[in-house]
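Right, one structure below, let's go through it.
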Amino acid sequence: SVCLLDDEKLTETDLYSQFLAPPDKIGENRAEISLPRAKALNPMVDVSFVTKPVDDLPDDYFKAFDIICATGLKQEQLERINNICRDSNRKFLCGDVWGMFGYMFADLIDHEYSEEIVQHKAVKRGPDDNEKNARETVSITVKRRAIYVPLQNALSADWSKPELRSRLRRGDPSYFVMKILLRFRDEYNRNPDPAQRKADTEILLRMRDELVKELSLPVGFISDSLLTDVFGIVSGAAA
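According to the UniProt record's numbering, the sequence shown is numbered sequentially starting from 1.
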């Protein structure tokens, strides 16, 4: 079974990224109006909806699910749900899309899985054959184990540690862009608005400068251009 939880109303902007919400239902609850199309994807699955805010739901509510996928929430809400999942040994996924930027985080706690490894094995042609041994390709299945960390740990990493500072040389600022966008949502209770692009870009750049100073990041590590493509939700990116 699947439960859709959302206390927000459908807006015109949502129609650029919402695949389940009918365009003639603007102003109605997104979870409720998404139910018919969600059910149509697989009639064998029991799909329900809840329209209460996340903060109004007790911890025990979330423990009833095997896995929770969260999006569009504040950092504190994400961390709370993740901690509930950890305490009850439930899997947790979260992610967001802002314009052309997005992220996905997984906490599967202690996860065992199998991986197929391709190896090249020497094969003798025969005792009287002077040619070099032939090689054949064989596949073996190897059991792996992955230990995950909670979201709270991932977002509070100490970047002054040498092992983390060395990663900055790879030049990928995506993690820090995510932190800026989560901070924006926490402070303004919304995402960057295309209708307020100029003002919101200035806010994002200010938050960028504050984060660079807080974490002693290299100047210019997070370019201005990265924060100008985070408005709205581009359907192609969401897909």
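Every residue gets a Cβ at the ideal spot worked out from N, C-alpha and C, and that includes glycine.
When secondary structure is reduced to three states using DSSP, Ile203 falls in the helix class. In the displayed model, Thr141 falls within a strand according to three-state DSSP. By the Cβ criterion, the stretch 173-184 is in contact with the stretch 208-224, since at least three pairs of Cβ atoms, one from each stretch, lie closer than 8 Å.
Between His111 and Tyr148, the CB-CB gap stays under 9 Å.
Between Thr71 and Thr137, the alpha-carbon positions lie close to 43 Å from each other.
Note that the C-beta distance between Asp59 and Ser34 is not below 9 Å.
At a Cβ-Cβ threshold of 9 Å, Leu217 and Trp159 count as neighbours. When secondary structure is reduced to three states using DSSP, Gln18 falls in the coil class, being assigned neither helix nor strand. In terms of Cα proximity to Ser1, the closest of Leu15, Ala38, Phe19 and Lys25 is Ala38.
Taken atom to atom, the span from the alpha-carbon of Gly95 to that of Val50 is near 20 Å. An exposed status is given to Pro53, since fewer than 16 other beta-carbon atoms sit within 10 Å of its beta-carbon. Minimum Cα-Cα distance from Ala122 among the listed residues Glu116, Arg135 and Glu115 corresponds to Arg135. Nearest in C-alpha terms to Glu28, of all of Asn42, Pro22, Leu20 and Lys9, is Lys9.
As summarised for the stretch 72-131, the continuous alpha helix (DSSP H) elements at least 4 residues long and confined to that stretch are 75-87, given in chain order.
A Cβ-Cβ distance of about 16 Å is found for the pair Asn89 and Leu151, leaving them out of contact under the 8 Å criterion. Beta-bridge partners of Ile68 (DSSP): Phe92. Between Pro192 and Asp186, the beta carbon gap of about 13 Å keeps them out of contact (Cβ cut-off 8 Å). Straight through space, the alpha carbons of Arg80 and Lys63 are spaced by roughly 12 Å.
Tyr16 is positioned such that its CB atom lies closer than 9 Å to that of Gly232.
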